[in-house]
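These notes are about the structure you will find just below.
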Amino acid sequence: MTNPIDELYTVRDYLRYVSTTFSASPLYFGHGTDNVWDEAVQLVMRTLNLPLENNTLFLDARLILAERELILRRMQRRIEERVPMAYLLGEAWFMGMPFHVDERVLVPRSPIGELIERGLQPWLGEAPVQRVLDLCTGSGCIGIGAATVFDEAEVDLADISTDALDVAASNIEFHGLQDRVRTVKTDVFDGVEGRYDVILSNPPYVDAADLASMPAEYRHEPELGLAAGSDGLDIAHRIIAHAADHLNPGGLLIVEVGNSWVAFEQAYPDLPFTWLEFENGGDGVFLIYGDELRQWQSNS
Ligand SMILES: C[S@@+](CC[C@H](N)C(=O)[O-])C[C@H]1O[C@@H](n2cnc3c(N)ncnc32)[C@H](O)[C@@H]1O
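The sequence shown stops at residue 307 when you use the numbering used here, and every number in between is there.
Pasting the structure below:
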């Protein structure tokens with residue numbers, strides 16, 4: 008039997024071969040791409056450190072042996088171990104920006120990125136943004152994304168996991184934001200000081216039933232970043248209980264609860280929050296103003 012490495016030479020050959028092989032494999036796409044072709048392009052182009060777009064110039068370029076071996080090795084691990092592509096490459100893209108990622112952090116994919124790109128409009132209005140908290144930051148993608156849009160703001164990237172905070176710190180440095188973005192170790196709000204204009208959070212929110220049935224790819228992600236008790240709201244309940252104490256007047260709280268949105272609605276029937284809508288997909292993200300949260304707490 009021939010070895011594919013002896014018959015495949017060009018970028019185009021590898022894009023075709025990886026696509027064909029992925030198509031015949033039971034892969035799950037939930038970590039940045041949603042189809043075989045995009046996954047193959049990501050594997051081949053980023054292993055070669057080539058751009059994901061405007062790359063046709065390279066299609067007929069021949070690869071050296073080490074490059075061919077690396078692509079095939081990563082392809083095998085994607086199929087046999089079901090490792091998400093972002094971990095194989097050590098990078099993920101969020102809001103059009105690259106982030107360092109590995110198995111210490113979740114692969115960035117929150118729809119909150121779309122809101123940040125829109126400057127949190129129309130919700131923010133003219134309110135100034137001087138301090139932002141990214142609570143449950145993981146790789147730091149949400150807070151670093153916010154720091155690039157609100158370019159005068161000081162941003163805290165907060166997480167309970169020292170491992171995650173190490174990855175977030177490497178991303179702060181990667182994006183050259185050390186002067187106004189920092190990491191904070193905290194258990195929800197326990198280690199957070201002062202008040203913020205905006206709190207953004209993509210906390211763990213997978214309930215026990217969903218956790219038990221997740222595709223194999225998710226087993227490579229830290230369970231601390233996914234599991235949130237029987238209703239998926241362990242962390243969200245704590246955020247609702249204490250966020251008002253950390254928001255300035257006029258401040259905004261935006262939290263993703265994903266599939267646990269049904270349980271959230273049942274738990275907070277009188278809370279005046281708004282579910283947000285996204286052009287690029289995603290749901291289960293709510294917004295509430297700090298003043299409304301304070302008012303609701305004083306009435307309850
Ligand atoms: C769903 S991941 C989100 C990561 C990142 N924000 C993103 O969107 O890719 C949730 C993160 O919450 C952190 N976390 C879990 N429990 C926490 C707690 N009690 N306090 C603070 N962070 C916590 C996990 O370590 C993990 O990094």
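No residue lacks a Cβ here, since even glycine has one placed at the ideal position from N, Cα and C.
Boundaries (first-last residue) of the beta strand (DSSP E) holding residue i
i: SER305; result: Element bounds for SER305: not the beta strand (DSSP E) but the alpha helix (DSSP H), 297-306.
i: TYR203; result: 203-208
i: ARG138; result: 138-142
i: ALA99; result: 98-101
i: HIS107; result: 104-107
Near ligand 1: residue i beta-carbon under 7 Å from a heavy atom
i: GLY145; result: yes
i: ALA243; result: no
i: THR193; result: yes
i: LEU254; result: no
i: LEU96; result: no
i: ILE149; result: yes
i: ASN266; result: no
i: PRO210; result: yes
i: VAL112; result: yes
i: ALA171; result: yes
i: SER117; result: yes
i: LEU6; result: Beyond the ends of the chain as shown, which are 8 and 307, falls residue 6; an answer cannot be given.
i: LEU218; result: no
i: LEU231; result: yes
Limits of the unbroken alpha helix (DSSP H) element including residue i
i: ALA235; result: Looking at the DSSP string, ALA235 is not in any alpha helix (DSSP H), and its letter there is neither H nor E.
i: GLY152; result: 148-156
i: ILE179; result: 169-181
i: THR54; result: 43-54
i: HIS249; result: 241-249
i: SER26; result: 18-30
i: GLN83; result: 72-87
i: TRP130; result: No alpha helix (DSSP H) holds TRP130; DSSP gives it neither H nor E.
i: ARG269; result: Contrary to the premise, residue 269 reads as Val rather than Arg in this sequence. 268-274 is the span of the alpha helix (DSSP H), which, as asked, contains VAL269.
Environment of residue i [buried if 16+ CB atoms lie within 10 Å]
i: ARG125; result: exposed
i: ALA73; result: exposed
i: ILE295; result: buried
i: LEU309; result: Since the first residue of the chain shown is 8 and the last is 307, residue 309 is not available in this structure.
i: GLN49; result: buried
i: SER117; result: buried
i: ASN178; result: buried
i: TYR35; result: exposed
i: THR190; result: buried
i: PRO11; result: exposed
i: PRO276; result: exposed
i: ILE71; result: exposed
i: ALA47; result: buried
Rounded distance between the beta-carbons of residue j and residue i, thought under 8 Å
i: PHE106; j: CYS148; result: 5 Å
i: ALA235; j: PRO211; result: 4 Å
i: GLU224; j: PRO91; result: 5 Å
i: THR17; j: LEU66; result: 7 Å
i: ASN209; j: ILE119; result: 6 Å
i: LYS192; j: LEU172; result: 6 Å
i: ALA93; j: HIS38; result: 6 Å
Any non-hydrogen atom of ligand 2 within 7 Å of residue i CB
i: ILE167; result: Among the ligands modelled here, namely ligand 1, ligand 2 does not occur.
Beta bridge counterpart(s) of residue i as assigned by DSSP
i: LEU260; result: ILE206, ILE295
i: ARG189; result: ASP163
i: THR281; result: LEU294
i: LEU254; result: TYR203
i: ARG69; result: THR17
i: VAL213; result: ALA234
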